[in-house]
Amino acid sequence: MRFLTLYFLFLKATATTFAGLASLPVLRDELVVHRHVITDHQLNAAVVITRSTPGPVGVYVVSVGYFADGLAGALAGWLAMATPALAVLLLMRFIGPRAEHPRVKGMLQAIVLASAGLLVASTVPLARDAVVGPLTAAIAALGLVALLRKVDALWVIAAGAGASLAASLAGVTS
Amino acid sequence: MLGAPMPPARTRPAEAPRLSDLGAVFARYGNLTFGGGSATIATLREQVLVRRAWISESQFQLAYALSRLTPGTNLLAFCAAVGWTVRRGSGALVALGAASLPCSLLAVVVTRFYELGQTSASFVAALRGALAAAVALMLNTAWGLARPHVRADLGRALVIVPGAIALVTAASLSPLQVLLIAAAAGALWPARETSA
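Protein chains in written order, with my numbering: chain A, 14 to 187; chain B, 45 to 240.
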């Protein structure tokens, strides 16, 4: 895929959402569903990889870019991740005094709520790929409980990997 | 604002830091913190406000609030806003690059190792568990996004969240179309105050 095409696809996702993983539904729609550039498995793996390393959650776009087109894709992902951040400079200068306007707040809050719904909708096909038996179902359920109890995502992912590896070594199917 | 008590800040110095110092701080503390954006911002606040006094408390608050309103990764918007506050355009670019390039390079390296490791049975087994955990991670992120607004206005959340799911699944609209519809609805439906 051409660098600029990939960059603008990534930018479409990152510039229209308001949190790191909130861009995932748009990316999945473009790269998995319509263009078949990456798979659900790779998209899920990108989330795992970047939650297992330090830095912002949005870095998963770089990993997705690498899956899509190697180093050029990763560069497109990094640029698309960084570009929307510059919009804060316009906000700092011009919009800041009006950010408390009820209609502006209402619009932003509705976008955040819709992003949450879209993320749930995107998780369903990813879960079909990742949750393949009782063990993985238990990892997902217990992981959610742990995260809601403020356990760091790194530990939840490490525990899931460790449990699955131990089960595999013991001959238990996932 | 970040949920944890913050230590008091020093007064702001007369001179802005050098770009190299700015870059070094954001490269070191923007890339080496686990725990998501809030944990990293708390660490950066400690460095740029409390220890080095590059910005004032009110400047920090403005940068933080506006970064939450900026599309994309809030943490990077926060870094750009602090860089702009300290050294204007060049400061924003240096802070943004320093806070995003090292962790991006690390992500590329780990992704490369992921591809190489797929032939190992142990790696595949461990990855299977990690991917299941990632499902929980995404659901938790969705809840984290919605939670402040659910608490502030449950009715609004009960319309918009399921509405977005229905529009993207049953009506087959694209996520971008759903977000635009949500934005229009939100502008017409004034929001109550949230605790976020």
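Virtual Cβ for every residue (Gly too), placed ideally from N, Cα, C.
For clarity, every value in this text was computed on a predicted model and none was experimentally measured.
For B/Ile204, the closest Cβ of chain A is nearer than 7 angstroms. Flagged as an interface residue toward chain B: A/Met94, by a C-beta distance shorter than 7 angstroms. Counting only the Cα atoms, B/Arg96 lies some 48 angstroms from A/His49. Here the alpha carbons of A/Val158 and A/Val72 stand approximately 25 angstroms from one another. Judged by DSSP secondary structure, B/Pro192 falls within the alpha helix (DSSP H) whose first and last residues are Ala165 to Ala196.
When the beta-carbon positions are compared, B/Thr155 and A/Tyr79 come within less than 7 angstroms of each other.
At a beta-carbon threshold of 7 angstroms, the residues of chain B lying near A/Arg116 are Ala231 and Pro234, ordered along the chain. Classified as buried, A/Leu160 has 16 or more neighbouring CB atoms from the shown chains inside 10 Å of its CB. Against chain A, the beta carbon of B/Thr87 has no neighbour under 7 angstroms; the closest one sits roughly 11 angstroms away.
Judged by DSSP secondary structure, A/Met94 falls within the alpha helix (DSSP H) whose first and last residues are Tyr73 to Ala95.
Taking a C-beta distance under 7 angstroms as the contact criterion, A/Gly173 and B/Gly173 qualify as a contact pair.
With contacts defined by Cβ atoms closer than 7 angstroms, B/Gly135 and B/Gly127 form a contacting pair.
Taken through DSSP and simplified to helix, strand or coil, A/Met105 comes out as helix. Under the DSSP assignment, B/Asp65 falls in the alpha helix (DSSP H) whose first and last residues are Leu63 to Asn75. Cβ-Cβ distances below 6 angstroms link B/Trp98 to Pro61, Val92 and Val130 in the same chain, with the five nearest sequence neighbours on each side left out; the list follows chain order.
Spanning the alpha carbons of A/Ile62 and A/Thr29 requires a straight line of approximately 23 angstroms. In this structure, the beta-carbon distance from A/Ala35 to B/Val205 does not fall below 7 angstroms. Closest in C-alpha terms to A/Ser65, from the list A/Ala95, A/Ala180, A/Ser177 and A/Asp165, comes A/Asp165. Chain-order list of chain A residues neighbouring B/Thr163: empty, with the shortest C-beta distance near 15 angstroms, by a criterion of under 7 angstroms. Of the candidates B/Val138, B/Ala125, B/Ala121 and B/Gln103, B/Val138 places its Cα closest to the Cα of B/Arg72. Taking the CA atoms as reference points, B/Thr87 sits about 35 angstroms from B/Ala169.
Within the region 75-152 of chain B, the runs of alpha helix (DSSP H) at least 4 residues long that lie entirely inside it are, in chain order, 80-89 and 101-112.
The beta carbon of B/Trp128 falls within 7 angstroms of a beta carbon belonging to chain A, placing the residue at that interface.
By the Cβ rule, the region 141-155 of chain B counts as touching the region 81-95 of chain A, because three or more pairs are nearer than 8 angstroms. Taking 7 angstroms as the CB threshold, A/Leu56 stays off the interface with chain B.
Secondary structure at A/Arg162: coil, using DSSP grouped into helix, strand and coil. With a 10 Å radius around the Cβ and a threshold of 16 neighbouring Cβ atoms, B/Val153 comes out exposed.
About 11 angstroms separates the beta carbon of A/Thr27 from that of A/Val77, a gap too long to meet the 8 angstroms contact definition.
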